[in-house]
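Using UniProt numbering, you'd call the opening residue of the sequence shown number 1 and step up by one each time. Ideal Cβ positions, reconstructed from N, Cα and C, are used throughout, including at glycine. These figures come from a predicted structure and were not determined experimentally. Reading through the structure tokens given below for one structure.
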Amino acid sequence: MYKRKIYLFGITSGLIMMIALCCTAVSAYLTQINLEQSNTGQTLLAEHQKLSSISYRMFKQLTDELIFGESANQAIIRNKQALIAQSLDKIRRLELQQRQALGSKMTAGSIEDTDELAGLIDAIISEFKAITATYNNTPLDQQNRLQTLLEVKIDNEFREAINAAVVRQGNVVSAINAKIETLNTAIVWFAVGVALFAMPCIILACYWLFNQLYQPLTIINNGTKAIAAGDYHQRLPETLDTEFSQLVSSLNLLASRLADHEMQAEHSRKQLEFEVEQRTREIKQVNEQLTRVDSRRRQFLADVSHELRTPLTIIRGEAQVTLRQSSASEEVYRETLDSILLQAVNLSELVDDLLLLARAELSQLKLDTSRQPLGDFLQNQVSQWQRLHEDRHFTLDIDEMANALELKFDLQRIKQVVAIMLDNACKYSAPQSPINVSLKQLDTSACIEIKDFGEGISPADINHIFERFVRFKHKSEGLGLGLAIAKAIIEAHGGEIQVNSTQGEGTLFQIYLPMDVE
């Protein structure tokens, strides 16, 4: 706003100055035009006087020719005629310019009278020539024709024409001079009027500008003094110039903060108490979660210990029993070794599962991938499980688009995943119920679906089935590592595994494997 006010003051002053300069320029231009017209009128007066002088001298020489003969002064007469013609041309040209500049009303008759004057001069010259051609012995002073020429044509008509032209141009010059005088008077009075108008305007504009400049400073000074005196409810008006808007906002914000300080302090204390209580609840929840994790860890260690102790006990017992026999047969040793080998294999598988989960957690699970037809792979797996479970009906449905689908995957790992899924389907469904396996091709992935028609999974358990060491209460066998291992393998392939289950209707597992484009 400060800049606007200064710009407004400058623009107003500039406009007044521009108006004065424009008026001065117009006045100077009009004065120049009037002076040029006045000079033109003066020149026309001089030319008419010059024309009159040359004409009278020529008329005298023509008279001398009558007196002294035709050969007298012929060269001089012709020179005078040329000068008269030049003077008339100049008069016509100047009068035409004068009419174009001043109009036909102010210069009425000038061009027409000049034409009549030129005709009159030609008529007088022609009359002199006619008299000279018809000259006889009659005395000149007794010739009526010559007397008429000298007295009427020259003394009366020519003199009156010249005088009329001079008077007319004198009137034009007087009118132009009057216009110049009127214009000068108007310029003087206009200058006086502009000065009388501009000076109060400039004084008022300066007073308004200074008042506009100092008023915000005075308001801010009074407001800050009131705030410093303890009046925290004092507010500065926010309608001041934009240059002070940030300062006014800051001072008003300062006053508001000082006025609300105690209230904000009390609110902060309450907020702090609330946040402490909330953080305490969160810590308790985290502590409870850690307690549950620790309990599951303890349970896992107990389960692992139990699972490890069982095969180790069997191995030790078989070995001790066999070693106590003094003369054991080869068949007894072979049975003992077969039992020990079976338990060692179980231990190895358990250790391998734990190692796989640990590597997956550290993103160090290595895959031996190769491109293979996924449909043929599933067909083989379903056939094997059908042979193992003859009392159960396994079905395989391969989408037409996925018939020739080939993916890059680790054959042994995916076989392990399918085995875990089919084993769970058999374990958690009735022996006679069917198990459906299907393969579909989506936009960017292949989907393997394994559907059983068992008891289903409760909503409380479905959120934890992929966690490690989780076992359902009604099925206590196993360590609860199968689904966690399956998820780790699928995620290592860049895919994902999802589950949907309805209690009493069965469970659907969906395995998504990405299709690599080469």
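Task: Spatial distance of Gln441 from Gly494 (CA atoms) - done: Approximately 16 Å, taken between the alpha carbons.
Open item on the list: Would Gly10 and Val173 qualify as a contact pair, given that the criterion is a beta-carbon distance under 7 Å?
Closed with: Their beta carbons are not under 7 Å apart, which means Gly10 does not touch Val173 by this criterion.
Open item on the list: As a quick exercise: from Val188, Ser52 and Thr280, pick the residue whose alpha carbon is nearest that of Ile84.
Closed with: Of all alpha-carbon atoms in Val188, Ser52 and Thr280, the one lying nearest the alpha-carbon of Ile84 is that of Ser52.
- [ ] Can you say whether Leu439 is buried or exposed, counting buried as having 16 or more other CB atoms within 10 angstroms of its CB?
- [x] Buried, since its Cβ has 16 or more Cβ neighbours within 10 Å.
Task: Pairwise C-alpha distance: Gln32 and Val26 - done: Each residue's Cα considered, the two are about 10 Å apart.
Task: Segment contact flag, the segment 281-298 with the segment 258-268, C-beta cutoff 8 Å, min 3 pairs - done: Fewer than three beta-carbon pairs drawn from the segment 281-298 and the segment 258-268 are found closer than 8 Å, and the two stretches are therefore not classed as touching.
TODO: Give a yes or no on whether the C-beta atoms belonging to Val437 and Ile457 are separated by under 7 Å.
DONE: No.
Open item on the list: Per DSSP, what are the beta-bridge partners of Gln498 in this structure?
Closed with: Beta-bridge annotation (DSSP): Gln498 is paired with Gln510.
TODO: Quick one: grab the DSSP three-state call for Ile398.
DONE: Residue state, collapsed to three classes: strand.
Task: Spatial distance of Ile180 from Met18 (CA atoms) - done: So the two alpha carbons sit approximately 24 Å from each other.
Open item on the list: Between the alpha carbons of Tyr56 and Ser126, how many angstroms are there, rounded?
Closed with: Those two C-alpha atoms are separated by around 15 Å.
- [ ] Identify whether Asp452 lies in helix, strand or coil by the three-state DSSP scheme.
- [x] Shown here, Asp452 sits in a strand according to DSSP, grouped into three states.
Task: Given Gly480 as reference, the closest of Ala492, Asn34, Leu62 and Asp461 once Cα atoms are compared - done: Nearest to Gly480 by alpha-carbon distance, out of Ala492, Asn34, Leu62 and Asp461, is Asp461.
Task: Residues that DSSP places opposite Pro373 in a beta bridge - done: Beta-bridge partners assigned by DSSP to Pro373: Glu406.
Open item on the list: According to DSSP, simplified to helix, strand and coil, what is Gln61?
Closed with: Helix at Gln61.
TODO: With a threshold of 16 other CB atoms inside 10 Å of the CB of Leu120, please say whether the residue is buried or exposed.
DONE: With 16 or more other Cβ atoms within 10 Å, it is buried.
Task: His393, buried or exposed, once every other Cβ within 10 Å from all chains shown has been counted against 16 - done: By the 16-neighbour rule on beta-carbons within 10 angstroms, His393 is exposed.
Task: Reduced DSSP category for Glu518 - H, G, I as helix; E, B as strand; rest coil - done: Caution applies to Glu518, whose pLDDT of 41 falls short of 50 and renders its modelled position unreliable; the value that the coordinates give is listed next. Here Glu518 sits in coil by DSSP.
Task: Own chain, CB closer than 8 Å to Val192, minus 5 neighbours either side, in chain order - done: Closer than 8 Å at the Cβ level, and outside the excluded window around Val192, lies no residue.
Task: Status (buried if at least 16 other CB within 10 Å, exposed otherwise) for Met199 - done: Taking every protein chain shown into account, the CB of Met199 has fewer than 16 other CB atoms within 10 angstroms, so this residue is exposed.
Open item on the list: Please classify Val276 as buried or exposed, where buried requires at least 16 neighbouring CB atoms within 10 angstroms.
Closed with: Exposed.
TODO: Taking all protein chains shown into account, decide if Ser110 is buried (16 or more other Cβ within 10 angstroms of its Cβ) or exposed.
DONE: By the neighbour-count criterion, in which a residue is buried when 16 or more other Cβ atoms sit within 10 angstroms of its Cβ, Ser110 is buried.
- [ ] Determine the DSSP secondary structure at Gln441, reduced to helix, strand or coil.
- [x] For Gln441, the three-state secondary structure derived from DSSP is strand.
Task: Rounded separation between Ser249 and Arg235 - CA only - done: Distance between the alpha carbons of Ser249 and Arg235: 9 Å.
- [ ] Return the chain-ordered list of same chain residues with a C-beta closer than 8 Å to the C-beta of Leu149, the five sequence neighbours on each side being excluded.
- [x] Same-chain partners within the cutoff: Ile124, Glu127, Phe128 and Ile131.
TODO: Tell me, to the nearest whole angstrom, how far the beta carbon of Leu44 is from that of Leu94; I am working on the premise that it is less than 8 Å.
DONE: Contact flag correct, Cβ pair sits at about 5 Å.
Open item on the list: Please report the straight-line C-alpha distance between residue 545 and Ala118, rounded to a whole angstrom.
Closed with: Lying before the first or after the last residue shown, residue 545 is absent from the chain, which here runs from 1 to 518.
Task: Ile457 (DSSP reduced to helix, strand or coil) - done: The three-state reading of DSSP puts Ile457 in coil, since its state is none of H, G, I, E or B.
Task: Residues sharing a beta bridge with Ile435, DSSP - done: Paired residues: Phe394 and Asp452.
TODO: For the alpha helix (DSSP H) containing Ser110, list its first residue and its last residue.
DONE: Segment Ser110 to Ala133, the alpha helix (DSSP H) holding Ser110.
TODO: Taking Gln416 as part of the alpha helix (DSSP H), name the residues at either end of that continuous run.
DONE: Gln416 -> alpha helix (DSSP H) spans Leu411 to Lys427.
- [ ] Identify the continuous alpha helix (DSSP H) that holds Leu483 and give its terminal residues.
- [x] From DSSP, the alpha helix (DSSP H) with Leu483 extends over Gly482 to Ala492.
Task: Among Leu217, Ile340 and Val332, nearest to Ile315 - alpha-carbon criterion - done: Nearest of Leu217, Ile340 and Val332 to Ile315, Cα basis: Ile340.
Open item on the list: Are there any heavy atoms of the ligand COA lying less than 6 Å away from the beta-carbon of Gly454, as far as the coordinates show?
Closed with: Because no ligand of any kind appears in the structure shown, any question about the ligand COA cannot be addressed here.
Open item on the list: For Lys50, which residues in the same chain have their Cβ closer than 7 Å to its Cβ, ignoring the five residues on either side in sequence?
Closed with: Residues Ser87 of the same chain have their beta carbon placed closer than 7 Å to that of Lys50, with the five preceding and five following residues left out of the count.
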